[in-house]
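The listed protein sequences derive, respectively, from chains V and E.
Start counting the first sequence at 334; every next residue gets the next number (our numbering).
Start counting the second sequence at 87; every next residue gets the next number (our numbering).
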Amino acid sequence: MPKAFTPKVVTANHLLAGDVIYQTADGWTRKLEEAEVLTDEADADLRLIEASQQVDEVVGAYLADVAVEDGKPVPTHFREDFRAKGPSNYAHGKQVELQ
Amino acid sequence: MYSYSEFDTAFLAERNRQFRAQVERRISGALTEDEFKPLRLMNGLYLQLHAYMLRVAIPYGTLSSAKMRKLADIAERWDKGYGHFTTRQNIQYNWPELKDVPDMLDALAEVGMHAIQTSGNTIRNVTADHFAGAAADEIADPRPVAELLRQWSTDHPEFQFMPRKFKIAITGSPNDRAVTKAHDIGIRMVERDGVRGYEIIVGGGLGRTPMIGKVINDFLPEADLLPYLEAIVSVWNQIGRRDNKYKARIKITVHEHGIDEIRRLVEERFVETRKAFSGVDQQMLREIEGHFAPPAFVQADTAPYTQALQHYPAFRAWTDTNVTEHRDADHAIVTISLKKHGETPGDASAAQMRLIANLAETYGYDEIRISHEQNVILPHVHKASLPSIYSALKAEGLATANIGLISDIIACPGMDYCALATARSIPIAQEIATAFDDLKREHDIGQLKIKISGCINACGHHHVGHIGILGLDRAGVENYQITLGGDHTEQAKVGDRVGPGFSADEVVPAVERIVDTYLELRSDEDEAFIDTYRRTGLAPFKAALYPETKVAAE
């Protein structure tokens, strides 16, 4: 039986800054909670193709698993958690910039 | 120290000009990422978890104060005010923006530095003993040979698209501080009947399949070095596997074909390569040796040093761990710890880099080294200067007296930065160092090397740590495998895996149990952890780590 589709967001690195970005309905954001949650597999595949075509803005777009809590996407794997928050050894990167 | 010739300077300027244009084309969209990626990697630029990362080569770990100051300037101007020194004696900047990288490379070129071949399937930065030129136990300074190898391997037309990356390390001392047996090629300078030559070790490496290198030639004449190395790399470049990147390194080639067959093929190829080297390489080596002439060591009274030893216990404790015997009796080698308890191993702020540069200029004949253990060395310091150096370091948080002790931990960047990592390394290192510092136990424990990698690629050298820690992803949770008894020296050995892994919270208690077991088992205070382990083997440590297994077996 095929595996049930779980919620996803499209994420990538920004071409110029290199930092983590997430796709919204009409662009990109640096905050995971603002990302567009994709619950339909065909829709997710299409959004990923659209993201991958933006070669002069983003690098390495892929679909990342999320859970939805209080209507907002949250990471389900620690790697995505670190990508969303920044490194744990210094209070810089996303921890500071997104406050 | 080697100074760039006109040729070097022109070559670098041209490479930087090309890369600037490549970056511009990438930003404009004229180049896709697939087209740009191999170009940026050739220039040391990675895209990591949170940002780009620029890896700058520090050839054989040698820096001058001017170079160190430039590294500080770059950290401040284009990064977040610090840099990370690596197990390849390089420095990595974790936060550059793409548009700034060409300017960073131009700034590096001003002091004869670059990021060429710090990535890609090429011959990488040649590493060397970090005490080179200063060690009391040295046969010869390996750095002139390392510089010759740098010139030979940089942009070598035959070796730009090899099956995988290729790493060379060299030592001039019988006490191997350069991990030569865990490199694709390890070179040991040796002497036989008063004649110098090289022992060539091939097929060592860590990573997914750790291997201790094998001797392919136990005494290679000095003049044959480049043609022989060219023969080795050439043979591997032809028969090394390109079908599977995990089987591409020369260690697998040596394993699959056997060292005797590889030796035969290399000897066969050497007949051809030897003809191509007319002796110009040896002329160049003689010229390079001139750049590495030892400084004129000053003569001065060492009384300030002996007086400070008597009156200042903290200074004495620092000299006990961080100062090593120099080949000149009145001089010393200072190791500056980048492992302050609770800090990130290998990181130095711009202010710290500038202080080190100033100290090298004032007291250290303008010489600095980076060690593969992620510390900084002042290789030539008159003993009378040691108290002043200690005071200056202390003021900048750089006087931690822990070299060789349990908190002097190698840790790769792990999943805090690295896109390949499967778990974090840095917080584990921080927690271990802090825990043992809180208990003030590390001086009692003595020499103990912990090495941590955040993935199977083993940048943190965990296989050759006395205690090795490997971070993995086990069903979506960070999990850490522990190995014991690894050794990076001339007695190189891959550590033994103790058993099932530990969660992040369990690592510090597990290390404490290992240490407690060692303290119970050691014959006396002079028996180091690794010697006790060699004597007792894994069993008592395994029993301490997994008591339930012992109960089940009974």
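Just so you know, even glycine gets a beta-carbon here, dropped at the ideal spot from N, CA and C.
Which residue from the options puts its Cα closest to that of residue i?
i                      : options                       : result
residue 196 of chain E : E:178, E:102 and E:282        : E:102
residue 455 of chain E : E:601, E:389 and E:264        : E:264
residue 152 of chain E : E:135, E:118 and E:194        : E:194
residue 141 of chain E : E:173, E:261 and E:163        : E:173
residue 220 of chain E : E:627, E:287, E:468 and E:441 : E:468
residue 317 of chain E : E:548, E:348 and E:507        : E:348
residue 243 of chain E : E:167, E:604, E:323 and E:358 : E:323
residue 334 of chain E : E:314, E:369 and E:293        : E:293
residue 385 of chain E : E:417, E:504, E:363 and E:543 : E:417
residue 229 of chain E : E:259, E:533 and E:107        : E:259
residue 280 of chain V : V:360, V:335 and V:425        : Since the displayed chain V opens at 334 and closes at 432, residue 280 of chain V lies outside it and no answer follows.
residue 666 of chain E : E:313, E:372 and E:511        : Nothing in the structure corresponds to residue 666 of chain E, since chain E is present only between 87 and 640.
residue 165 of chain E : E:481, E:607, E:436 and E:252 : E:436
residue 179 of chain E : E:134, E:213, E:278 and E:274 : E:134
residue 471 of chain E : E:430, E:144 and E:389        : E:389
residue 560 of chain E : E:576, E:610, E:524 and E:508 : E:508
residue 184 of chain E : E:303, E:127, E:257 and E:283 : E:127
So, is residue i buried or exposed, given that buried needs 16 or more other C-beta atoms within 10 angstroms?
i                      : result
residue 356 of chain E : buried
residue 93 of chain E  : exposed
residue 227 of chain E : buried
residue 438 of chain E : buried
residue 343 of chain V : buried
residue 476 of chain E : buried
residue 634 of chain E : exposed
residue 491 of chain E : buried
residue 644 of chain E : The structure shown does not extend to residue 644 of chain E, since chain E is modelled only from 87 through 640, so no value can be given for it.
residue 397 of chain E : exposed
residue 310 of chain E : buried
residue 513 of chain E : buried
residue 262 of chain E : buried
residue 339 of chain E : buried
residue 352 of chain V : buried
residue 379 of chain V : exposed
residue 436 of chain V : Here chain V has residues from 334 to 432 only, and residue 436 of chain V is not among them.
Which residues mark the beginning and the end of the alpha helix (DSSP H) in which residue i is found?
i                      : result
residue 371 of chain E : 366-377
residue 516 of chain E : 512-524
residue 474 of chain E : 472-481
residue 641 of chain E : Missing from the structure shown is residue 641 of chain E; chain E here goes from 87 to 640 and no further.
residue 463 of chain E : Here residue 463 of chain E belongs to no alpha helix (DSSP H); instead the beta strand (DSSP E) covers 462-468.
residue 599 of chain E : 590-607
residue 447 of chain E : 436-449
residue 323 of chain E : 311-325
residue 338 of chain V : Counting along the chain, residue 338 of chain V falls outside any alpha helix (DSSP H), and DSSP gives it neither H nor E.
residue 348 of chain E : 345-362
residue 234 of chain E : 229-239
If you follow the beta strand (DSSP E) that residue i is part of, which residue opens it and which one closes it?
i                      : result
residue 171 of chain E : 168-171
residue 275 of chain E : 271-278
residue 257 of chain E : 254-257
residue 361 of chain V : 360-362
residue 616 of chain E : Not the beta strand (DSSP E): residue 616 of chain E falls in the alpha helix (DSSP H), residues 615-622.
residue 410 of chain E : 409-411
residue 303 of chain E : 300-307
Here's a check: name, in chain order, each residue in its chain whose Cβ is nearer than 8 angstroms to the Cβ of residue i, leaving out the five neighbours to either side.
i                      : result
residue 579 of chain E : 298, 550, 571, 572 and 573
residue 605 of chain E : 530 and 531
residue 602 of chain E : 630
residue 99 of chain E  : 195
In its own chain, which residues sit with a C-beta less than 7 angstroms from the C-beta of residue i, not counting the 5 before and 5 after it?
i                      : result
residue 637 of chain E : Bear in mind that the predicted position of residue 637 of chain E carries a pLDDT of just 47, short of 50, making it unreliable; the figure below should be weighed with that in mind. Closer than 7 angstroms at Cβ, skipping near neighbours: no residue.
residue 409 of chain V : 398, 399 and 400
residue 520 of chain E : 427 and 428
residue 188 of chain E : 102, 105, 106 and 109
residue 522 of chain E : 492, 493 and 528
residue 283 of chain E : 276, 305, 306, 307 and 308
If you drop the 5 nearest sequence neighbours on each side, which residues of the same chain put their C-beta closer than 6 angstroms to that of residue i?
i                      : result
residue 88 of chain E  : 233 and 377
residue 483 of chain E : 426
residue 171 of chain E : 177, 432, 456 and 460
residue 640 of chain E : Residue placement at residue 640 of chain E is poorly supported in this model, since its pLDDT is 45, which falls under 50; the coordinates still yield a value, given next. No residues qualify anywhere along the chain.
residue 632 of chain E : 585
residue 345 of chain E : 300
residue 251 of chain E : 207 and 210
residue 117 of chain E : 111
- [ ] Please determine if the segment 388-403 of chain V and the segment 342-359 of chain V are in contact, where contact requires at least 3 C-beta pairs separated by less than 8 angstroms.
- [x] At 8 angstroms Cβ cutoff, the stretches touch.
Open item on the list: Assess contact between the segment 456-466 of chain E and the segment 420-428 of chain E, defined as three or more Cβ pairs (one per stretch) separated by less than 8 angstroms. Is contact present?
Closed with: Short answer: they touch.
- [ ] Report yes or no: do the segment 254-269 of chain E and the segment 403-415 of chain E share at least 3 C-beta pairs separated by less than 8 angstroms?
- [x] As far as the Cβ criterion goes, the segment 254-269 of chain E does not touch the segment 403-415 of chain E, which means the pair count is below three.
- [ ] Would you check if the segment 199-209 of chain E and the segment 432-448 of chain E touch, i.e. whether three or more CB-CB distances between them fall below 8 angstroms?
- [x] Contact between the segment 432-448 of chain E and the segment 199-209 of chain E is absent, because fewer than three Cβ pairs lie under 8 angstroms.
- [ ] Please confirm if the segment 494-503 of chain E is in contact with the segment 534-544 of chain E, defined as three or more CB-CB distances below 8 angstroms between the two stretches.
- [x] Between the segment 494-503 of chain E and the segment 534-544 of chain E there are three or more inter-stretch CB-CB distances shorter than 8 angstroms, so the stretches are counted as touching.
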